[in-house]
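Heads up, the sequence shown is in my numbering, so the first residue is 7 and it goes up one at a time.
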Amino acid sequence: MREQNFVTDPSPQTGVLCSLTQRVMIISPLPDRVRSLLVALSTECFDVFSLHEFNKGMLPALQPELLVYDALPLPLPSVGHTLEGGAELLADARDYNVPVLVLLDAPSFEEHKDRSLQGAELLQWPAQPEEALNRIHRMLENRPVQAAGSLEDVRVFKDIRIDLRKMKVERAGVRVELTKTEYDLLLYFVNSDGSVLTREMLLDDVWGSQFYGGSNVVDVHIKTLRKKLKDSAVSPHYIVTVRGAGYRLADDVKH
7 MREQNFVTDP SPQTGVLCSL TQRVMIISPL PDRVRSLLVA LSTECFDVFS
57 LHEFNKGMLP ALQPELLVYD ALPLPLPSVG HTLEGGAELL ADARDYNVPV
107 LVLLDAPSFE EHKDRSLQGA ELLQWPAQPE EALNRIHRML ENRPVQAAGS
157 LEDVRVFKDI RIDLRKMKVE RAGVRVELTK TEYDLLLYFV NSDGSVLTRE
207 MLLDDVWGSQ FYGGSNVVDV HIKTLRKKLK DSAVSPHYIV TVRGAGYRLA
257 DDVKH
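Structure representation (structure tokens):
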């Protein structure tokens, strides 16, 4: 049975003070559709993030313990039905061991209710928010204990995913084979805050202070790293050259 610790508010105001919270991320293109659920979750001492669309960096940044995805049957030019549009969300949630509750309207629920979605459950919506709350409580209770720390073992930048425990790098779901130095270099960039990193900084922190080679070794390794990541120095998606200074992560902006 899920335990919730409450501290009674001695003031005349109604409600309770929450001493224990869990994070739930709600993604819906029409927030009014899920407003009742958002209110119910907040009242039940959940920390709730309400977002209009999914971005790959959201899971490691916000570290939710459960996702609610409102898969409305809206026509999306690039992917069709929004349930298909949520394929990336479902894949990332599986990678991070985050359970997903998918909300569907009645026709879509009937169409997909027998479909197997690993790590996800389906719920017909609109419904009474209590029904969704009961489902969310059960999903959280059944969540594997080790999943709570799984986000700490992963770094994500755009479509690059780094598994720290396995020292494994994937780009858009495809394994990228890197040398140890290339791996350390990529991880150093991903762990940075986007600031410019000079060649001297990279030499000291990646190669170590005992390395006495020239700074051109940085340029050589970044060139090979870009090649393996299918990046371009002219139109960079991951690593930008800052002339006369060094390198930095590319901005996460679509042009």
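Even for Gly, the Cβ is constructed at its ideal location relative to N, Cα and C.
Between the CA atoms of residue j and residue i - distance to the nearest angstrom
{"i": "residue 32", "j": "residue 197", "result": "27 Å"}
{"i": "residue 190", "j": "residue 243", "result": "19 Å"}
{"i": "residue 195", "j": "residue 232", "result": "12 Å"}
{"i": "residue 37", "j": "residue 99", "result": "21 Å"}
{"i": "residue 70", "j": "residue 161", "result": "15 Å"}
{"i": "residue 159", "j": "residue 182", "result": "18 Å"}
{"i": "residue 43", "j": "residue 115", "result": "18 Å"}
{"i": "residue 169", "j": "residue 175", "result": "6 Å"}
{"i": "residue 253", "j": "residue 73", "result": "35 Å"}
{"i": "residue 184", "j": "residue 41", "result": "46 Å"}
{"i": "residue 210", "j": "residue 47", "result": "48 Å"}
{"i": "residue 223", "j": "residue 96", "result": "40 Å"}
{"i": "residue 39", "j": "residue 239", "result": "44 Å"}
{"i": "residue 205", "j": "residue 60", "result": "35 Å"}
{"i": "residue 241", "j": "residue 145", "result": "43 Å"}
{"i": "residue 142", "j": "residue 111", "result": "18 Å"}
Backbone secondary structure at residue i - three-state DSSP
{"i": "residue 173", "result": "coil"}
{"i": "residue 47", "result": "helix"}
{"i": "residue 195", "result": "helix"}
{"i": "residue 226", "result": "helix"}
{"i": "residue 189", "result": "helix"}
{"i": "residue 242", "result": "coil"}
{"i": "residue 209", "result": "helix"}
{"i": "residue 104", "result": "coil"}
{"i": "residue 109", "result": "strand"}
{"i": "residue 141", "result": "helix"}
{"i": "residue 98", "result": "helix"}
{"i": "residue 79", "result": "coil"}
{"i": "residue 133", "result": "coil"}
First and last residue of the uninterrupted alpha helix (DSSP H) at residue i
{"i": "residue 116", "result": "112-118"}
Those residues which DSSP pairs with residue i across a bridge
{"i": "residue 252", "result": "204 and 248"}
{"i": "residue 56", "result": "32"}
{"i": "residue 40", "result": "Residue 40 pairs with nothing; no bridge assigned."}
{"i": "residue 232", "result": "According to DSSP, which records beta bridges pairwise, residue 232 is partnered with nothing at all."}
{"i": "residue 167", "result": "162 and 176"}
Bounding residues of the beta strand (DSSP E) (the contiguous stretch that carries residue i)
{"i": "residue 162", "result": "160-163"}
{"i": "residue 127", "result": "126-130"}
{"i": "residue 149", "result": "From DSSP, residue 149 is part of no beta strand (DSSP E); its letter is neither H nor E."}
{"i": "residue 73", "result": "72-76"}
{"i": "residue 181", "result": "180-182"}
Exercise for the section: Spell out a yes or no on whether the stretch 140-151 and the stretch 92-107 are touching, meaning 3 or more CB-CB pairs, one atom from each, closer than 8 Å. Expected result: yes
Handout entry: Contact the stretch 53-70 vs the stretch 126-133: 3+ CB pairs below 8 Å
Key = no
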